[in-house]
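K.L.:
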Amino acid sequence: MKLVGSYTSPFVRKISILLLEKGMAFEFVNEQPYSEENGVAQFNPLGKVPALVTDDGEYWFDSPIIAQYIELLGIAPEMVPHDPLAALKVRQLESLADGIMDAGLASVRELARPAAQQSESEVLRQRQKISRSLDALEGYLVDGTLKPDTLNLATIAIACAIGYLNFRRIAPGWCVDRPNLVKLAETLFVRESFARTEPPKA
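Under full-length UniProt numbering, think of the first position of the sequence shown as 1, with each following residue one higher.
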């Protein structure tokens with residue numbers, strides 16, 4: 001099995017962690033989706049990471065789809081509950097975390113443009129998305145919808161999103177007034193799977 005992606009992508013990190021937590025052997029193929037010679041396109045027509053190549057040569061792309069494929073293999077530990085409604089809730093929380101990642105990536109791309117071409121309103125819009133989403137996640141931790149010491153697809157995605165915010169320094173004050181999110185991140189960041197997938201220092 002091959003995982004095609006970049007070491008800095010939070011979506012790729014999410015899938016790497018799922019595979020590591022399940023003890024599944026895989027080869028990591030480092031590809032930069034924004035390079036002129038985009039090697040990802042042969043596995044995903046959209047040219048986006050991650051992409052998963054099975055031992056049978058089948059391609060899967062888009063991190064929620066890849067995560068679902070991995071779960072369908074039935075390898076412990078279970079990262080999505082069997083109950084349909086509970087599973088849907090976990091996937092909605094995963095989607096919220098993925099949205100934070102998307103907003104973070106959009107912020108990075110906007111701030112990488114020449115200063116004269118940057119849109120302050122666009123940067124603000126992405127920061128507001130991130131802030132609202134973090135507030136919602138903090139609320140889910142307060143009301144018990146989320147448990148900070150639970151390892152599942154949702155908490156992995158949330159920790160990957162927070163890790164990306166830290167890595168790119170997009171929302172440096174994200175931890176203010178969000179103690180439960182801080183606890184969740186601290187709990188997961190000490191796991192070997194997170195330590196092994198930490199983005200390289202610039």
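Even for Gly, the Cβ is constructed at its ideal location relative to N, Cα and C.
(1) Specify, as a first and last residue, the run of the alpha helix (DSSP H) that V12 falls within.
(2) Residues in its own chain within less than 6 Å of P33 by CB, not counting five upstream and five downstream?
(3) Indicate the three-state DSSP secondary structure (helix, strand or coil) for N30 in the structure shown.
(4) Let's see if you can read the secondary structure: which residues bound the alpha helix (DSSP H) around A157?
(5) When you compare each of S133, P179 and E58 to V142 by their alpha carbons, which one comes out closest?
(6) Determine whether the beta carbon atoms of A175 and P10 lie at a separation below 9 Å.
(7) At the level of alpha carbons, what is the spacing between V4 and A171?
(8) Please classify L146 as buried or exposed, where buried requires at least 16 neighbouring CB atoms within 10 angstroms.
(9) Rounded to whole angstroms, what's the CA-CA distance from L105 to T150? Just pull it up for me.
(10) Residues in the same chain with beta-carbon distance under 8 Å from A87, minus the five sequence neighbours each way, listed in chain order, please.
(11) Count the other CB atoms, across all protein chains shown, that sit within 10 Å of the CB of V53; report buried if there are 16 or more and exposed otherwise.
(12) Which residue from A76, Q42 and V190 puts its Cα closest to that of E58?
(13) Can you pull the DSSP bridge partners for V4?
(14) Among the residues of its own chain, which have a CB less than 6 Å from the CB of W60, if the five just before and after it don't count?
(15) Which one of E21, P84, R13 and I75 has the shortest CA to CA distance from D62?
(16) Comparing alpha-carbon positions, which option in E192, A76 and V123 lies nearest M24?
(17) Where DSSP assigns a beta bridge to F61, which residues make up the other side?
(18) Starting from the Cα of Q126, find the closest Cα among A136, L111, L137 and Q117 and give me that residue.
(19) Between which two residues does the alpha helix (DSSP H) holding K183 run?
P.N.:
This is what the structure gives:
(1) P10 to E21
(2) V40, G47, K48 and V49
(3) strand
(4) L153 to R168
(5) Nearest option by C-alpha distance: P179.
(6) First, the amino acid is wrong: residue 175 is Cys here, not Ala. Pairing C175 with P10 gives a Cβ-Cβ distance that is not under 9 Å.
(7) 28 Å
(8) buried
(9) Near 26 Å, if we compare the C-alpha coordinates of T150 and L105.
(10) V80 and P81
(11) Its Cβ being crowded by 16 or more others within 10 Å, V53 is buried.
(12) Taking each of A76, Q42 and V190 in turn and checking the Cα distance to E58, the smallest one comes out for Q42.
(13) V29 and A51
(14) Cβ neighbours of W60 within its own chain (closer than 6 Å, five residues either side excluded): L52, I66 and Y69.
(15) R13
(16) Between M24 and the set E192, A76 and V123, the nearest pair of CA atoms involves A76.
(17) Paired residue(s): A51.
(18) For Q126, the closest of A136, L111, L137 and Q117 by C-alpha to C-alpha distance is L111.
(19) P179 to F189
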